[in-house]
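What follows is a set of notes on a single structure, which appears directly below.
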Amino acid sequence: MNKTSRRALARYAADQLLAGKSPAQLAKHLAAIMVESGRSNDREFLMDDIAWELEQRQELAVGHVTSATPLTKNLEVALKAQLKKATNAREVLLEQQIDKSLLGGFKVETSGRVWDMSVRRELTQLKETF
Amino acid sequence: MVLSSIPQFADSSSSSGIGAFNINLKSFIFQLVTFVIVLWVFKRWILPPILRTLDERRKTLEDSLTNAKQTEEALARAEAKAEEILGRAREQADEALAEAKKAGGGVVADAETAAAQRAGVIIKEAEARLNEERDKLRQELRAEMAGLVADATEKIIHEKLDPKKDISLIERAIRGITG
Numbered sequence: 001m002n003k004t005s006r007r008a009l010a011r012y013a014a015d016q017l018l019a020g021k022s023p024a025q026l027a028k029h030l031a032a033i034m035v036e037s038g039r040s041n042d043r044e045f046l047m048d049d050i051a052w053e054l055e056q057r058q059e060l061a062v063g064h065v066t067s068a069t070p071l072t073k074n075l076e077v078a079l080k081a082q083l084k085k086a087t088n089a090r091e092v093l094l095e096q097q098i099d100k101s102l103l104g105g106f107k108v109e110t111s112g113r114v115w116d117m118s119v120r121r122e123l124t125q126l127k128e129t130f
Numbered sequence: 001m002v003l004s005s006i007p008q009f010a011d012s013s014s015s016s017g018i019g020a021f022n023i024n025l026k027s028f029i030f031q032l033v034t035f036v037i038v039l040w041v042f043k044r045w046i047l048p049p050i051l052r053t054l055d056e057r058r059k060t061l062e063d064s065l066t067n068a069k070q071t072e073e074a075l076a077r078a079e080a081k082a083e084e085i086l087g088r089a090r091e092q093a094d095e096a097l098a099e100a101k102k103a104g105g106g107v108v109a110d111a112e113t114a115a116a117q118r119a120g121v122i123i124k125e126a127e128a129r130l131n132e133e134r135d136k137l138r139q140e141l142r143a144e145m146a147g148l149v150a151d152a153t154e155k156i157i158h159e160k161l162d163p164k165k166d167i168s169l170i171e172r173a174i175r176g177i178t179g
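Going down the list, the protein sequences come from chains A and B.
According to this note's numbering, the first sequence is numbered sequentially starting from 1.
According to this note's numbering, the second sequence is numbered sequentially starting from 1.
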């Protein structure tokens with residue numbers, strides 16, 4: 001039996017989502033395919049691939065935001081708006097997490113890009129400059 | 001008997017002619033004939049071999065002299081030739097010596113130049129190594145200093161950057177996100 005590539009699955013999933021298929025049903029379908037082809041462990045990668053596919057199609061950008069201080073609602077709105085501009089995506093979703101080691105500022109990663117505006121990066125750059 | 005007749009012959013003609021010189025004509029003629037015979041015998045058989053021997057000796061002597069002269073000339077030529085060869089050999093030896101001296105001088109000069117160049121290269125390499133080491137040390141020192149500064153800055157920021165200031169920082173940083 002031929003295995004469908006993960007990229008092809010991601011493209012298929014993006015097509016289905018954009019066609020209005022229920023995410024829950026699609027998730028079940030994809031899970032069945034992954035289990036059947038013995039690639040259950042690749043589910044995280046598949047999710048990343050789907051997100052990348054959606055971002056490339058400028059439909060949805062999922063931003064993983066890391067900061068030392070939790071973002072306020074205003075900041076979330078401002079960040080979403082800025083990410084929309086930067087990625088040209090129709091919709092932006094934010095997933096937040098706290099990391100005190102960043103010291104200050106934030107870091108946001110989408111499927112295709114990374115913006116590191118943290119104090120930690122500034123310090124690392126300072127060290128690297130010297 | 002013949003001898004005894006000679007004074008008688010002398011005595012018989014002593015009164016006139018030859019006899020006036022007290023010479024016996026018969027004896028004189030006899031002696032003359034004897035002399036002529038002896039002379040003829042001498043000339044006929046004795047003188048020729050003597051002359052021949054003398055000629056041969058003279059000829060041998062002349063040949064010897066000629067040979068000696070030729071030998072002397074050959075020796076002179078050989079000496080001249082030898083002198084010439086020696087002279088030429090001396091000249092060649094002198095030239096070879098001069099060339100050897102010149103070449104020796106050149107070799108020494110070349111060796112000195114090469115040694116000077118090598119010394120220059122070694123000094124340059126040593127300088128380059130020193131500069132490299134100095135740069136490396138400087139870089140390490142700078143990195144260490146930067147590390148210390150960064151650590152110190154980190155501590156200060158950790159103490160000084162409160163949530164309010166961080167929010168303000170994030171607000172400013174959001175504006176920095178561009179496509």
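The beta carbon of each residue, even a glycine, is placed where N, CA and C say it ideally should be.
When C-beta distances to chain B are compared with 7 Å, the residues of the region 109-122 of chain A below that value are W115, M117, V119, in chain order. Assigned with DSSP and collapsed to three states, Q58 of chain A falls in coil, not helix or strand. Under a criterion of Cβ atoms nearer than 7 Å, the residues of chain A adjacent to A150 of chain B are, in order, L123, L126, K127. Judged by DSSP secondary structure, F106 of chain A falls within the beta strand (DSSP E) whose first and last residues are 106-109. Under the three-pair Cβ rule at 8 Å, the region 113-129 of chain A does not count as touching the region 17-37 of chain B. Counting only runs of at least 3 residues, the region 80-120 of chain B fully encloses no beta strand (DSSP E) element at all. Per DSSP, the beta-bridge partners of T66 of chain A are A:Q97, A:K107.
Here the alpha carbons of D110 of chain B and D94 of chain B stand approximately 24 Å from one another. Pairwise C-beta distances place the region 122-133 of chain B out of contact with the region 56-73 of chain A, as fewer than three of them are shorter than 8 Å. Taking the beta carbon of T72 of chain A as reference, the chain B residues within 7 Å of it are I167, listed in sequence order. Taking the CA atoms as reference points, A13 of chain A sits about 10 Å from L46 of chain A. Scanning its chain for C-beta atoms nearer than 7 Å, with the 5 sequence neighbours on each side dropped, one finds around L94 of chain A the residues G63, V65, E76, L79, K80, in chain order. Per DSSP, reduced to three states, the secondary structure at D162 of chain B is coil, with no helix or strand assignment. One alpha carbon belongs to K100 of chain A, the other to R138 of chain B, and they sit about 33 Å apart. With a contact defined as Cβ atoms closer than 8 Å, F130 of chain A and R142 of chain B qualify at about 5 Å. Judged by beta-carbon spacing, A61 of chain A lies beyond the 8 Å limit of V35 of chain A, meaning their Cβ atoms are not closer than that value. For the 8 Å CB-CB criterion, T4 of chain A and I33 of chain A form a contact. At least 8 Å separates the CB of Q96 of chain A from every CB of chain B. Taking 8 Å as the threshold, the shortest C-beta distance from I157 of chain B to chain A falls below it. When the alpha-carbon of S118 of chain A is set against those of B:I50, B:V33, B:L161, the nearest one is in B:L161.
With a threshold of 16 other beta carbon atoms within 10 Å, Q31 of chain B falls short and is exposed.
Between L26 of chain A and L18 of chain A, the beta carbon gap of about 11 Å keeps them out of contact (Cβ cut-off 8 Å).
At the C-beta level, R11 of chain A and D42 of chain A stay beyond 8 Å of one another.
Taking the Cα positions, L54 of chain B is about 54 Å away from E91 of chain B. The alpha carbon of I98 of chain A has as its nearest neighbour, out of B:P163, B:S64, B:R77, B:E56, the alpha carbon of B:P163. Residue contact check for T66 of chain A against chain B: no CB pair falls below 8 Å.
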